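Taking my numbering, the leading residue of the sequence shown gets 13, the next gets one more, and so forth.
Here a beta-carbon is modelled for each residue, glycine too, at the ideal position from N, C-alpha and C.
Computed from a predicted model, the values in this text were never measured in an experiment.
Below is one structure, written out as structure tokens; comments come after it.
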Amino acid sequence: MSVPTLTLNDGTKIPQLGLGVWKMPDDEAPGIILSALNAGYRHIDTAAAYGNEAGVGRGIAQSDVPREEIFVTSKLWNDRQGFDEALRAFDETMGKLGFDYLDLYLIHWPMPHRDRYVESWKALIRLREEGRIRTIGVSNFLPDHLERLIDETGEAPAINQIELHPCFQQASQRQVHAKLGIATECWSPLGQGEALSDPILTEIASRYGKSAAQVILRWQVQLGLVTIPKSANHDRMRENISIFDFELTEAEMAQIKGLDSADGRIGPDPATADF
Ligand code: NAD
């Protein structure tokens, strides 16, 4: 069963489930990408900061799947923000990936104290207008950062990639996205593995002969989110993409909603993050 796509605010279609490749060594990336494409993945989420863009690009080049059938995201790292610097960083990313266009480019973190994200956003708009990127977005942007981008450039991001898993569900941030026409993409969608032993999730999973990981990913897809679980293991990759043959009930969706926790965040707080 193929992965459904979500239509973004500029008409671009993104597969709702992709493979995250954070912490994947560059030399192992080609084999893992080939394995993911074999399992049916057509969406890969990398970043300059992951140090594996070259390996991701090699894997895609080696595969029989045409480049235009694969949706690839990369991200601008914090120390490359600013208009001219972002343009240079994008060229480096493209050199490593070996592509002539990118599907989605994100500003990785807002870094509000450095105050360069509006200039970086203008560079992304320029690159999209030049046809070098199909669609542009941000990651870890809080509502005030999103509103400032829109106020100063008139352009809302197509997507905001944020930490989102059962223990940290980001309901109010998702409402802001819906109001602004921005799609929500979940990073660490499995809570980096921590959520997988939750008894509510394992109980729901047992009803369908599925795993807790599959229930979480299915919950995100049913909420209309984009999700990018990471695995380097072929069986787990297959497991994570095999979520389009069952449906959670409203009662089960409500049970999972109950797992949210105000202090469930795993990663840094974007308001104060500095790295
Ligand atoms: P994740 O929530 O995807 O969890 C990955 C962990 O879960 C791994 O240890 C993996 O072995 C395990 N796992 C995966 N599938 C499993 C299964 N079926 N059963 C049991 N265990 C399983 O964590 P992540 O890698 O932090 O996040 C996913 C992706 O999100 C990253 O690879 C990256 O692409 C992206 N990301 C983005 C940001 C950002 O700031 N934009 C931050 C973190 C991660």
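Cβ-Cβ distance between residue i and residue j below 9 Å
i	j	result
His-120	Trp-89	yes
Leu-208	Ile-228	yes
Leu-29	Ile-174	no
Val-84	Leu-109	yes
Gln-185	Thr-196	yes
Pro-178	Asp-272	yes
Arg-126	Gln-93	yes
Gly-69	Phe-111	yes
Ile-44	Leu-116	no
Leu-49	Ser-75	yes
Glu-159	Leu-192	yes
Ile-148	Ala-170	yes
Pro-282	Leu-154	yes
Ile-329	Val-238	Because the chain spans 13 through 287 in this model, residue 329 falls outside it and cannot be assessed.
Ser-6	Ala-98	The first residue shown for the chain is 13 and the last is 287, placing residue 6 beyond what the model contains.
Gly-221	Leu-18	no
Ala-41	Gly-71	yes
Exposed unless 16 or more other CB atoms sit within 10 angstroms - verdict on residue i
i	result
Thr-165	exposed
Pro-280	exposed
His-157	buried
Asn-245	exposed
Gly-23	exposed
Phe-287	exposed
Ser-86	buried
Pro-201	buried
Glu-65	buried
Arg-230	buried
Ala-60	buried
Gly-270	exposed
Glu-288	Residue 288 lies beyond the stretch modelled for the chain, which goes from 13 to 287, so this question has no answer here.
Pro-78	exposed
Ala-96	A small fix is needed here, since residue 96 is Asp in this sequence, not Ala. That one is exposed.
Thr-105	buried
Gln-187	exposed
Three-state class that DSSP yields for residue i in the structure shown
i	result
Glu-290	Within the shown structure, residues of the chain are numbered from 13 to 287, placing residue 290 beyond reach of any answer.
Gly-107	helix
Gly-221	coil
Asp-115	strand
Ile-148	strand
Ser-86	strand
Phe-258	coil
Phe-180	strand
Leu-31	strand
Trp-133	helix
Gln-234	helix
Ile-216	helix
Pro-211	helix
Val-99	The amino acid occupying residue 99 in the given sequence is Leu; Val does not appear at that position. Three-state DSSP puts Leu-99 in a helix.
Asp-286	coil
Ala-168	coil
Arg-277	coil
Gly-94	coil
Met-265	helix
Leu-229	helix
Glu-206	helix
Where the alpha helix (DSSP H) containing residue i begins and where it ends
i	result
Glu-159	155-165
Glu-251	246-253
Lys-242	That residue, Lys-242, is in no alpha helix (DSSP H); it is neither H nor E in DSSP.
Leu-192	183-192
Boundaries of the beta strand (DSSP E) in which residue i is found, first to last residue
i	result
Asn-172	171-175
Ala-195	195-199
Ile-26	25-27
Thr-19	17-19
Heavy atom of the ligand HEM within 8 Å of residue i beta-carbon
i	result
Val-33	Of the ligands this structure carries, namely the ligand NAD, none is the ligand HEM.
Short CB-CB distance (under 9 Å) between residue i and chain B
i	result
His-157	You won't find chain B in this structure, because it holds only one protein chain.
Open item on the list: Just to confirm the assignment: which complete alpha helix (DSSP H) runs, minimum length 4, are found wholly within the segment 42-84?
Closed with: 65-74
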